[in-house]
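Numbering (numbering that gives the first Met the number 0), first residue to last: 0 to 358.
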Amino acid sequence: MRKKIKIKKKPFIILFIVVCLVSLLLVFNKANSPINMEDKLSKLGYSSSEVKTIMKNVPKDEYKLILKKYNKSLVNLLSSKDYKEENFKKYIEYYEKNPKASIEDIIVIMNSKYNLMKYPASSLLASLVKEKYYIHRNVIRYLDYGNSHEAEARKIISIVNSKADYKFYTDTKEANVKDGNLILVNKFYHLPDKYEPDDLVTLTEKYNQGVNNKMRKEAADAFMKMVDGAMLDSIILKNSSAYRSYDYQVNLYDRYAKRDGKEKADIYSARPGYSEHQTGLCSDINKIDSSFANTKEAKWLAGNAYKYGFILRFPEGKEDITGYKYEPWHFRYVGIDAAKVIYDNNLTLEEYYAYYIEK
Ligand SMILES: [Zn+2]
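Next up, the structure:
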């Protein structure tokens, strides 16, 4: 008898376990069912239209994140035109870290392709990541510069990308000669010791009126094309100063420094090794004087030089990036493709180099 009863118990125990599991599963499902969610949200104080917004936009797997208490910011987040469902979890996590930040800033920052979770949310950061020339490895310097200077995001990015948040002639490096026509020589990048290009050619009288009449072959060809092109518009252009050797710059800079002091000389003259003229890729055209800016020749150059691969190297309003005052006469050869990008986007070579070459 006893033995028989024992055998019959087993199926009942199994059945009991199965029933328990099924019930648990049903209860679990009900908790996450939409109807139940709507109820819970109403109880938390959300209006029926808010409930609709939430149900429409929150991913089902993330319901647990929103059932703590009524939160108007959540509704604003979900109603924003920039809201992306796939970023929902990131928005919530970032918002919890930055409860005082604006929802729009949270969305912009988390929508960016960079991982910015560890940086405090701010309107400055949001406006920075929207900028075309944002470079992620510079983010801390952008924020430092932006928090200590009154400047727009684009300006902050230009300054920092160009290293101009550092003092000129500090943290200097050797320019990369392999960059060819795009080599960057400025107050942070100097040429190798006694560098001299090996393909300098001499400009003939038709194209030149100065002592320093040599340019690198490709730049010289482009320069002559430009002068010929200008002539068709009755504009007469001539080189006044192109390639200048290291030793020449030593003399020039020393003369200026003696006359005006180093600090003043630095604003209009390059220290030896730091002059773009040593690259053989630039030319001071016609009159080396600020009065040149108002001539029809300067205006023609400003609007047409890029078509021949030349850029106005030290533009007005970019002095804090280039480190030089406006020089309407100084044109630098970079090739037609780069010149067009620089012209179209109102960049300096510094900004172009940081984003398109160095990055
Ligand atoms: Zn010059």
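A virtual CB, placed ideally from N, CA and C, is assigned to each residue, including glycine. Here the structure is a predicted model, which means the values were calculated and not measured.
Among the bridge pairs identified by DSSP, Thr201 is matched with Lys213. A distance below 6 angstroms between beta-carbons, with the five flanking residues on each side excluded, links Thr201 to the following residues of its chain, in chain order: Asn212 and Lys213. According to the DSSP assignment, Leu77 belongs to the alpha helix (DSSP H) that extends over Lys71 to Ser78. Look at the beta carbons and you see the region 336-353 touching the region 313-320: at least three pairs across the two are nearer than 8 angstroms. In the three-state DSSP reduction, Glu173 falls in the strand class (E or B). For Ser240, the distance from the CB to the nearest heavy atom of ligand 1 is below 7 angstroms. Within the region 77-103, the alpha helix (DSSP H) runs of at least 4 residues that lie entirely inside it are, in chain order, 87-96. Ranking Ser268, Glu195, Thr294 and Val184 by CA distance to the CA of Val333 puts Val184 first.
Rounded to the nearest whole angstrom, the CA to CA distance from Ala301 to Thr278 is 21 angstroms. Residue pairing from DSSP leaves Ser147 without any beta-bridge partner.
Residue side-chain check: Glu326 places its Cβ nearer than 7 angstroms to a non-hydrogen atom of ligand 1.
Note that the C-beta distance between Asn180 and Glu217 is below 8 angstroms. For the set Tyr354, Val226 and Asn137, the Cα lying nearest the Cα of Trp299 is the one of Val226. Taking Glu37 as the centre and dropping the five residues before and after it, the same chain places the C-beta of Val50 and Met54 closer than 7 angstroms to its C-beta, in chain order. For Asp283, no alpha helix (DSSP H) encloses it; the enclosing beta strand (DSSP E) starts and ends at Cys281 to Ile284.
Here Tyr113 is exposed, its C-beta having fewer than 16 other C-beta atoms within 10 Å.
Cβ-Cβ distances below 8 angstroms link Leu127 to Tyr133, Val138, Tyr141, Leu142, Gly145, Ala152, Ile155 and Ile156 in the same chain, with the five nearest sequence neighbours on each side left out; the list follows chain order. Check the Cα spacing between Tyr252 and each of Lys237, Gly272 and Val159: the tightest is with Gly272.
The straight-line gap separating the alpha-carbon atoms of Lys186 and Asp265 is approximately 9 angstroms. Cβ contact annotation for Tyr168 (same chain, cutoff 6 angstroms, sequence separation greater than five): Lys186, in chain order. DSSP, read as helix, strand or coil, puts Ile310 in strand. Pairing Ile341 with Tyr325 gives a Cβ-Cβ distance that is not under 8 angstroms. The alpha-carbon of Asp60 is positioned some 18 angstroms away from that of Val74. Around the beta carbon of His135, a 10 Å sphere encloses fewer than 16 other beta carbons of the protein chains shown; the residue is thus reported as exposed.
Residues close to ligand 1 by the beta carbon criterion (under 5 angstroms to any non-hydrogen atom) are, from first to last along the chain, Asp283 and His329. Nearest Cα to Arg243 within the set Leu190, Ile235 and Asp259: Leu190.
Straight across, the Cα-Cα distance linking Ser46 with Lys80 is about 20 angstroms. Residues Ala264 of the same chain have their beta carbon placed closer than 7 angstroms to that of Ala256, with the five preceding and five following residues left out of the count.
Its Cα nearest to that of Glu275, the residue Arg215 stands out among Lys261, Gly228, Arg254 and Arg215. Note that the C-beta distance between Leu77 and Asn110 is not below 8 angstroms.
Boundaries of the beta strand (DSSP E) around Ser240: Asn238 to Ser240.
Taken through DSSP and simplified to helix, strand or coil, Asn207 comes out as strand. Contact check for Ile320 and Ser147: beta-carbon distance about 17 angstroms, past the 8 angstroms limit, so the pair fails to qualify. Counting C-beta atoms within 10 angstroms of its own C-beta, Gly308 has 16 or more neighbours from the protein chains shown and is therefore classed as buried. A straight-line Cα-Cα distance of about 52 angstroms links Ile13 and Ile105.
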